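For our numbering, count along the sequence shown from 1 and bump the result up by 27. The beta-carbon is built from N, C-alpha and C at its ideal position, and this holds for glycine as well. Quick caveat, the model's predicted, so the values are computed rather than measured. Some notes on the structure that comes next.
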Amino acid sequence: MSDTSTSSPSREPLGQRTVALSPQRALWALLEQSDARAKVRALSSVELNRRVAELGLYDAHELLALASGEQLREVVDMQVWIGDRLDSEELLDWAASLARVEREASDGDAQPLQALDVELVGWLLRTQCDIYLVREDEVPDEPRGVLWPTPDGWFVLDVVTGAHPDDEDEHDGDDAASDGAAEGDSGRAQQLIAVLERMYRDDPDAARKLLQATAWELPSQLEEYAYRWRNGRLADLGFADPLEALGIYAYLDPASVTPDEGSEDRPMASDPEPVGETSLVSAIPGASDSLWSRAVAGLDAETAERLARSAMAVANRTLSADRVPPGDLELARECLEALHWRLNLGLEHLSDGDVTRARAALARVALSRIARVGHSLTLELRQRLLAITRSQRLGARPGRVDYLGAPLADRLPPLLAARPQLFDEARNALRPFGTREDLALAQRWIDETALVARLVPADAIPNDPPETLTLGAIFCTKAINRVLDDRVGPLDQQALERLVRDHMHAGEISPTLRRTLREIAAERLAGSGLEDHPALATVLERWQAQLEAELGSLSPQDIDPRFVGGLYVISDS
28 MSDTSTSSPS
38 REPLGQRTVA
48 LSPQRALWAL
58 LEQSDARAKV
68 RALSSVELNR
78 RVAELGLYDA
88 HELLALASGE
98 QLREVVDMQV
108 WIGDRLDSEE
118 LLDWAASLAR
128 VEREASDGDA
138 QPLQALDVEL
148 VGWLLRTQCD
158 IYLVREDEVP
168 DEPRGVLWPT
178 PDGWFVLDVV
188 TGAHPDDEDE
198 HDGDDAASDG
208 AAEGDSGRAQ
218 QLIAVLERMY
228 RDDPDAARKL
238 LQATAWELPS
248 QLEEYAYRWR
258 NGRLADLGFA
268 DPLEALGIYA
278 YLDPASVTPD
288 EGSEDRPMAS
298 DPEPVGETSL
308 VSAIPGASDS
318 LWSRAVAGLD
328 AETAERLARS
338 AMAVANRTLS
348 ADRVPPGDLE
358 LARECLEALH
368 WRLNLGLEHL
378 SDGDVTRARA
388 ALARVALSRI
398 ARVGHSLTLE
408 LRQRLLAITR
418 SQRLGARPGR
428 VDYLGAPLAD
438 RLPPLLAARP
448 QLFDEARNAL
458 RPFGTREDLA
468 LAQRWIDETA
478 LVARLVPADA
488 IPNDPPETLT
498 LGAIFCTKAI
508 NRVLDDRVGP
518 LDQQALERLV
528 RDHMHAGEIS
538 PTLRRTLREI
548 AAERLAGSGL
558 EDHPALATVL
568 ERWQAQLEAE
578 LGSLSPQDID
588 PRFVGGLYVI
598 SDS
């Protein structure tokens, strides 16, 4: 079997696996139902956020109109922050969109715009407007942006979208950016004016009090208060502190976990509150034909419901550990698909690939432990490869494997990452480990590395070698030197000419050189237990083919050491 072919489950993009309604059609189907409002409010905020993102903010107004104020606050929490800083453009887009959403008075809820934290709205106004109290301040004759008098006559606002000069240099306000902001963007200014108009229409007294308070607040303080509120809500949703969440990647001895150990997930204080409907499939999406997907599809309703909440907690911890911004749905999909494959790998290990035993393991082993088993199996591969690279001087720098040449040069570095990945040669891309076949494939690569390191031991690598030098080049140079009267060291012009003249015929190396390659291999492997390694013939044939490709078409007079690859050479220049 080829090293690049496995029987792994399908890994096509998630969106191509099933035929489903488009987001817009799904919304129409939902709105046609008599209990649409109840169904929307039964969604978790994470799921609502996903649906809004798929629709696009400006096409999601009808969906947002049905959401509760709590849901709206939490979705905005996921959308308007970049790290610990507010994104003014994103926040303005959300505020303007909520200002356009009408909720029927019979709903008994406040209007959507009123769901936003006052600190968020205050920060937006403070950084995008100059606020003038008519009775005390002099309104400028030449505004920086668009002047807007409030309906109650108390204030005049100079609306300027962009960084505010009183923002204490916290937003890296270079002169060019400040000048651009001063000119104003009339379209975005009108957005903010629409927000202000809606605030006054919904609750004039609250709008006036907010402007009074905001005029004296520092943007940095408003942002800090808003950030604290936001973090508290995200914690309630199960988004863990990133440092604490890293425990999901801690090594766990796979042998210490048993399918019937009784560590199954139970409701805990640290688990997310029941904030809406979810399922194992929606919490951790992935290939429908994986062992994980087949196992969860056959769970009884009670177990599936319990595991769905556990899956949401594990998914949220993983997103936090990977520092995925809550609003970045594409990155979140990639992160959760990798989690799917870690769970699948852990489940295959615990069940020996049997779907019935896999379901039994799901009922008796905590999901976080299954995921850690899957990850730990890859860490064990990494540790074995690290031992080889360190003992054989193959890793001059962390995460790098030196001197190995193709194809190992592409295959091995991803295995040395803190979270090992597999190089998919068919797609020329990295992907998560997900099956025992993946582990076996990587194991064969590491076995081949151990073989190559034995063929060319550390003491055979020259001091200060050329950057392009490979172990194959060192080995072939050794064999060539032997057939050239046992010379030593790198090949010079004269040695290369003799090689081509005496040991290269019709594009192939001579039988003598071919035999010498195998003799040296036998000498190096004697007593190692690797004499009959299945990869030995492949490695020697690869090196021989590279040598023939490099020199097979040349005549002695064409040789220039500067342009000879695949060998350890020395040139005069």
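Compute the Euclidean distance between the alpha carbons of residue i and residue j, then round it to the nearest angstrom.
i	j	result
residue 283	residue 554	35 Å
residue 527	residue 495	22 Å
residue 414	residue 434	20 Å
residue 196	residue 263	Summary for residue 196: the model assigns pLDDT 45, below 50, so the residue's position carries little reliability, and this model does not support an answer.
residue 346	residue 154	31 Å
residue 511	residue 523	10 Å
residue 118	residue 107	5 Å
residue 539	residue 505	14 Å
residue 193	residue 249	With a pLDDT of only 44 at residue 193, under the threshold of 50, the placement of this residue in the model should not be trusted; the figure read from the coordinates follows. Cα to Cα, the separation comes out at about 13 Å.
residue 543	residue 575	15 Å
residue 83	residue 310	21 Å
residue 588	residue 467	40 Å
residue 390	residue 330	7 Å
residue 584	residue 529	13 Å
residue 549	residue 531	23 Å
residue 233	residue 179	12 Å
residue 450	residue 497	20 Å
residue 272	residue 353	15 Å
residue 334	residue 292	7 Å
residue 572	residue 508	18 Å
residue 432	residue 552	21 Å
residue 63	residue 261	26 Å
residue 591	residue 514	19 Å
residue 402	residue 373	8 Å
residue 57	residue 74	14 Å
residue 165	residue 223	21 Å
residue 156	residue 175	10 Å
residue 167	residue 121	30 Å
residue 597	residue 416	26 Å
residue 586	residue 547	26 Å
Could you please give me the residues that DSSP links to residue i through a beta bridge?
i	result
residue 532	535
residue 176	183
residue 159	183
residue 457	450
residue 112	109
residue 518	596
Under 8 Å, do residue i and residue j count as touching if we go by C-beta distance?
i	j	result
residue 382	residue 322	yes
residue 102	residue 128	no
residue 187	residue 220	no
residue 483	residue 460	no
residue 277	residue 399	yes
residue 359	residue 351	yes
residue 158	residue 184	yes
residue 161	residue 216	no
residue 396	residue 286	no
residue 570	residue 499	yes
residue 607	residue 478	Past the boundaries of the shown model lies residue 607; the chain is included only from 28 to 600, so the question cannot be answered.
residue 89	residue 54	yes
residue 534	residue 580	yes
residue 562	residue 474	yes
residue 241	residue 152	yes
residue 138	residue 229	yes
residue 404	residue 392	no
State the CB to CB distance for the pair residue i and residue j, rounded to an integer number of angstroms; the pair is presumed to be in contact (CB under 8 Å).
i	j	result
residue 476	residue 412	7 Å
residue 545	residue 567	7 Å
residue 342	residue 363	6 Å
residue 85	residue 49	About 16 Å; that fails the 8 Å criterion.
residue 254	residue 111	6 Å
residue 148	residue 237	7 Å
residue 235	residue 181	6 Å
residue 429	residue 421	5 Å
residue 462	residue 375	6 Å
residue 318	residue 380	6 Å
Flag residue i as yes if its beta-carbon sits less than 8 Å from any beta-carbon of chain C, otherwise no.
i	result
residue 329	Of the chains in the structure shown, none is chain C; there is only one protein chain.
Is it a yes or a no for the segment 363–378 touching the segment 266–273, going by three-plus beta-carbon pairs under 8 Å? no
Quick check: the segment 399–411 against the segment 442–461, are at least 3 beta-carbon pairs closer than 8 Å? yes
Taking contact to mean at least 3 C-beta pairs separated by less than 8 Å, is the segment 59–68 in contact with the segment 85–99? yes
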